[in-house]
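**Student:**
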Amino acid sequence: MRMSELSRRSGVSVPTIKYYLREGLLPAGRQLSATQAEYDENHLRRLRLIRALIGVRGLSVSTTREVLGALAEDTADTHRLLGLTLGAIQVAGETEPDSPEPAEVDALIEKLGWNVHGSAPARATLAETLASLRTLGSPLDWRVLLPYARLAEQTAVLDLDQLEGIEDPLEVAERALLLTVLLEPALMALRRMAQENESARRHADGTAD
1260 MRMSELSRRS
1270 GVSVPTIKYY
1280 LREGLLPAGR
1290 QLSATQAEYD
1300 ENHLRRLRLI
1310 RALIGVRGLS
1320 VSTTREVLGA
1330 LAEDTADTHR
1340 LLGLTLGAIQ
1350 VAGETEPDSP
1360 EPAEVDALIE
1370 KLGWNVHGSA
1380 PARATLAETL
1390 ASLRTLGSPL
1400 DWRVLLPYAR
1410 LAEQTAVLDL
1420 DQLEGIEDPL
1430 EVAERALLLT
1440 VLLEPALMAL
1450 RRMAQENESA
1460 RRHADGTAD
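The numbering of the sequence shown is the working numbering, which starts it at 1260 and goes up by one.
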């Protein structure tokens, strides 16, 4: 396909595609002439992943280049591929020196029997959240988080089920990104509605406007 068709099918403008080519995010097409190149389905999948990383997740061009480079080296390992795609884009928080929260997170993970890397950004994110709650006078013990973690475990099963049957590594990465980024607000919305429903069940007459 020519660049115009690549643009139409991907939803990415021609100037933006040219920019991605210059930045080395998108491989060059097969040269047909001095001014024309041909692109294939691999370019389309790659472009969709770039759009998800930059346009949806908000990564910088340089970080996107690093993620794509790492993915190119590990496409045979789906577990590592998902870790690179999702783990590399999470912003880890900072906890106070000698704060108890990292140990709380470790205890929770050990109790659950989860296989989570020691440097996973989500560990630091959870520890930072617990530290903030403690600072605000509402400390949470890891045991309080346990039933929430069990629910998250079930959600993770559903998440990974969505990737079953997809063989192309870049498509797996793109799908995982979109599910994570776009589904998280939907899950939060469902939680809010469930809370409203439960509050009405306990405290109201069961009607809603």
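In this text, a Cβ means the ideal position worked out from N, Cα and C, and glycines have one as well.
Counting Cβ pairs, one atom from each stretch, are 3 or more of them under 8 Å apart for the stretch 1300–1316 and the stretch 1426–1446?
**Tutor:** yes
**Student:** Is the separation between the beta-carbon of GLU1369 and that of ALA1386 shorter than 8 Å?
**Tutor:** For the purposes of this step, residue 1369 is taken as residue 110 along the sequence shown, with counting starting at 1. For the purposes of this step, residue 1386 is taken as residue 127 along the sequence shown, with counting starting at 1. Not a contact, by the Cβ cut-off of 8 Å.
**Student:** Can you name, in chain order, every residue of its own chain whose Cβ lies under 8 Å from the Cβ of VAL1375, other than the five neighbours on each side?
**Tutor:** Position 116 of the sequence shown, counted from the first residue, corresponds to residue 1375. So the qualifying residues of the chain are ILE1368, ALA1381, ARG1382.
**Student:** Which one or two residues does DSSP pair with ARG1289 in a beta bridge?
**Tutor:** In the sequence shown, the residue the question calls residue 1289 occupies position 30. ARG1289 pairs with GLU1297.
**Student:** Can you give the Cα-Cα distance for TYR1279 and LEU1285, rounded to whole angstroms?
**Tutor:** Position 20 of the sequence shown, counting from 1, holds the residue named residue 1279. Position 26 of the sequence shown, counting from 1, holds the residue named residue 1285. Taking the straight line joining both Cα atoms gives about 6 Å.
**Student:** Would you grab the beta carbon distance between VAL1211 and MET1262 for me? Rounded to a whole angstrom, and I think it's under 8 Å.
**Tutor:** Residue 1211 lies beyond the stretch modelled for the chain, which goes from 1260 to 1468, so this question has no answer here.
**Student:** For the pair the stretch 1417–1433 and the stretch 1323–1341, tell me if three or more CB-CB distances fall below 8 Å.
**Tutor:** They touch, by the three-pair rule.
**Student:** Return the first residue and the last residue of the alpha helix (DSSP H) that PRO1428 is part of.
**Tutor:** Residue mapping note: residue 1428 aligns to position 169 of the sequence shown, counting from 1. Where PRO1428 is concerned, the enclosing alpha helix (DSSP H) stretches over 1428–1462.
**Student:** Could you compute how far the alpha carbon of ILE1276 sits from the alpha carbon of ARG1267?
**Tutor:** The residue you call residue 1276 lines up with position 17 of the sequence shown. The residue you call residue 1267 lines up with position 8 of the sequence shown. Distance between the alpha carbons of ILE1276 and ARG1267: 11 Å.
**Student:** How about LEU1405 and PRO1398: are their beta carbons less than 8 Å apart?
**Tutor:** Here residue 1405 is taken as the residue at index 146 of the sequence shown, counted from 1. Here residue 1398 is taken as the residue at index 139 of the sequence shown, counted from 1. Against a cut-off of 8 Å, the Cβ pair of PRO1398 and LEU1405 comes out as no contact.
**Student:** Take the Cβ of TRP1401 as the centre, count every other Cβ of all protein chains shown within 10 Å, and call the residue buried at 16 or more, exposed below.
**Tutor:** Along the sequence shown, one-based indexing puts residue 1401 at 142. It counts as buried.
**Student:** Do ARG1324 and SER1269 have their C-beta atoms within less than 8 Å of each other?
**Tutor:** Position 65 of the sequence shown, counting from 1, holds the residue named residue 1324. Position 10 of the sequence shown, counting from 1, holds the residue named residue 1269. No, the Cβ-Cβ distance between ARG1324 and SER1269 is not below 8 Å.
**Student:** Going by the CB atoms, is the gap between SER1358 and ALA1408 shorter than 8 Å?
**Tutor:** As a position in the sequence shown, residue 1408 is number 149, starting the count at 1. As a position in the sequence shown, residue 1358 is number 99, starting the count at 1. No; because the gap between Cβ atoms is not below 8 Å, this pair is not in contact.
**Student:** Determine, using beta carbons only, whether ARG1289 and GLU1282 come nearer to each other than 8 Å.
**Tutor:** Within the sequence shown, the letter at position 30 stands for residue 1289. Within the sequence shown, the letter at position 23 stands for residue 1282. Result no, Cβ atoms of ARG1289 and GLU1282 do not sit closer than 8 Å.
**Student:** Helix, strand or coil: how does DSSP classify GLU1282 here?
**Tutor:** For the purposes of this step, residue 1282 is taken as residue 23 along the sequence shown, with counting starting at 1. Here GLU1282 sits in coil by DSSP.
**Student:** Let me know the secondary structure DSSP gives ILE1368 once reduced to three states.
**Tutor:** Mapped onto the sequence shown, residue 1368 falls at position 109. Reduced to three states, the DSSP call for ILE1368 is helix.
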